[in-house]
Structure formats: structure tokens, C-alpha cells
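*Asks:* Below is the structure I would like to discuss, written out as C-alpha cells.
Structure, rendered in C-alpha cells:
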């Protein structure tokens, strides 16, 4: 290898080292070395998340509007305006807030049964559905539990303390009834750490106070 080649290689190595140092300094300043600022880590995360959003949601956010406003602009349904529901069921459910954890059961005649649990200190809001009447929404604060009840169809609420078909322990049940039968069942949830029939402290007493106030069955017709 000639002297000229050695000098050329040394010059090339020096140039590369200088370029690496410049790029490192640029990265620390948040640019690409040519004056263009690089996106921050948070910006990259935000961009990657936007890839999984519906295009309508991205468009709505770009204009600083909630997603449902974008849908309304396209002729979609508007979000219902909350109203204060005017129905005796609302007062009754207010009296149930001391029950603690309860189990909600909804039977769909098409062939499914939904069961879920939530505390009875639920928020309550009403809204009107054109042609169907007023609905009551009961929901937990985080909205992980949400149920809508057509108040126009609520005719009565019945309370019972029945022996379970399996196990024989006592079930404390409230049933919301309509013209077509049972709309929704709400029963005290037992403590799963202790087993069926073992209820949380104070919940049975709270249920019995509500049942004593309204009787075995209360009509709203």
C-alpha cells in the first residue's frame, strides 16, 4: 500500500469521525443534522396511535372537535341531550344505593343471558328517543357498566327473598317488569371469597329497608 493510499484512508477515517460527532450533537439538539427538527418520542407514539383511529376520528380531532361532532357533520345521529328523568323508578333506585355490590341479569328472548356486577351507587341520566319515549341510563363513573331502561315500558318493580334452586341459600332480588314481562333483574351479589349466601356487611339490611318501604310490588302504571 502506497503512502498516498494510507493518507487517503486516514483522511477518510477522520472525516467519518467528524461526521459521526456532528450527527451525535445534532441528535442531542433534536435535529437531523441539516436543521430539520426530529419528532419527539411522545410525538412518535401519538402518530402511531393515530394509525389505529378511524379516519373520521382523526379528522374530528384535527379540527379540534369531539368524534360525535364529526359524525353529526356527516349526517350521523346526534348524541342525546341528558335530561332529568321524571319517573318513580328513579326515586326507587336512589333508595337502592346503599345495597353495595349487586348483580344485574338481562334475558334476551332471542337466546342469550347477560350477567354483570356493579355497585348500586350509580349515576342516573335520562334522554328521549324519538318514537320510543324516555330512557334512563344507569352507569358507573368509569362507564365500564352502563344500562339503558325504557321508562315508558316500566310498569312495576317487585322485591323477593327466595331460596336458590341450587344450594338453597337466600337470594335477594328486585325485578323490573314491563308489559312484555321481565325487563331486568337486580340481586345482591354475594361475597365470592366466602361463597353463595354470604353477603357483604350491611347489604341485606339495606335491601330489606328498600323492600319494606315499597312493599312486595310497586306499580308505576
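Numbering (mature numbering (1 follows the signal peptide of the UniProt record, and there is no 0)), first residue to last: -33 to -1, 1 to 188.
Ideal placement from N, C-alpha and C gives every residue a C-beta, glycine not left out.
#1: Taking residue 67 as the reference, give the member of 144, 101, 139 with the closest Cα.
#2: Would you identify the three-state DSSP class for residue 177, choosing helix, strand or coil?
#3: Starting from the N-terminal side, write out each stretch of the beta strand (DSSP E) that is 3 residues or longer and does not extend beyond the region 109 to 145.
#4: For a test of the three-state rule: what should DSSP assign to residue 74, helix, strand or coil?
#5: I need the boundaries of the alpha helix (DSSP H) containing residue 93, first residue and last residue.
#6: Between 105, 99, 130, which has its C-alpha nearest residue 58's C-alpha?
#7: Would you kindly work out how many angstroms separate the C-alpha atoms of residue 164 and residue 175, rounded to a whole number?
#8: Any contact between the region 140 to 158 and the region 166 to 175? By contact I mean 3 or more CB pairs, one from each, below 8 Å.
#9: Label residue 159 either buried or exposed according to how many other C-beta atoms from any shown protein chain fall within 10 Å of its C-beta, with 16 as the threshold for buried.
#10: Report the three-state DSSP secondary structure of residue 159 (helix, strand or coil).
#11: Rounded to whole angstroms, what's the CA-CA distance from residue 172 to residue 61? Just pull it up for me.
#12: From this set, 135, 88, 137, which residue's C-alpha is nearest residue 113's C-alpha?
#13: Once the 5 residues before and after residue 99 are set aside, which same chain residues still bring their CB inside 8 Å of it?
#14: What first and last residue would you give for the beta strand (DSSP E) that runs through residue 165?
#15: Is the Cβ-Cβ distance between residue 145 and residue 121 less than 7 Å?
#16: Is the beta carbon of residue 52 closer than 7 Å to that of residue 93?
#17: Excluding the 5 residues flanking residue 180 on each side, which residues of the same chain have their C-beta closer than 7 Å to its C-beta?
#18: Could you spell out where the alpha helix (DSSP H) holding residue 55 opens and where it closes?
#19: Does residue 69 pass the burial test, meaning 16 or more other C-beta atoms within 10 Å, or should it be called exposed?
#20: For residue 188, report the span of its beta strand (DSSP E) as first-last.
#21: Go ahead and pull the three-state DSSP assignment for residue 65.
#22: Using the rule of at least 16 other Cβ atoms within 10 Å of the residue's Cβ for burial, across every protein chain shown, is residue 170 buried or exposed?
*Replies:* According to the structure data:
#1: It is 139.
#2: Here residue 177 sits in helix by DSSP.
#3: Complete beta strand (DSSP E) runs here, min 3: 113 to 117, 123 to 130, 137 to 145.
#4: In the structure shown, residue 74 adopts extended strand secondary structure according to DSSP, grouped into three states.
#5: That residue, residue 93, is in no alpha helix (DSSP H); its beta strand (DSSP E) goes 90 to 96.
#6: That would be 105, whose Cα lies nearest to the Cα of residue 58.
#7: Near 15 Å, if we compare the C-alpha coordinates of residue 175 and residue 164.
#8: In the pairwise beta carbon analysis, the region 140 to 158 is classified as touching the region 166 to 175: at least three pairs are separated by under 8 Å.
#9: Here residue 159 is exposed. Its C-beta has fewer than 16 other C-beta atoms within 10 Å.
#10: If DSSP states are grouped into helix, strand and coil, residue 159 belongs with coil.
#11: When rounded, the distance between both Cα atoms is 16 Å.
#12: Nearest option by C-alpha distance: 88.
#13: When the five nearest sequence neighbours on each side are left out, the beta carbons in the same chain lying within less than 8 Å of the beta carbon of residue 99 are those of 117, 119, in order along the chain.
#14: First-last for residue 165: undefined, no H or E at that position.
#15: Yes, Cβ-Cβ distance for residue 145 and residue 121 is below 7 Å.
#16: In contact: residue 93 and residue 52 (Cβ atoms closer than 7 Å).
#17: 62, listed in sequence order.
#18: Run containing residue 55: 55 to 61, per the alpha helix (DSSP H) assignment.
#19: Result: buried.
#20: Taken as a continuous stretch (DSSP letters only), residue 188 belongs to no beta strand (DSSP E), as it is neither H nor E.
#21: Residue 65 falls in the helix class under three-state DSSP.
#22: Residue 170 is buried by the Cβ-count criterion.
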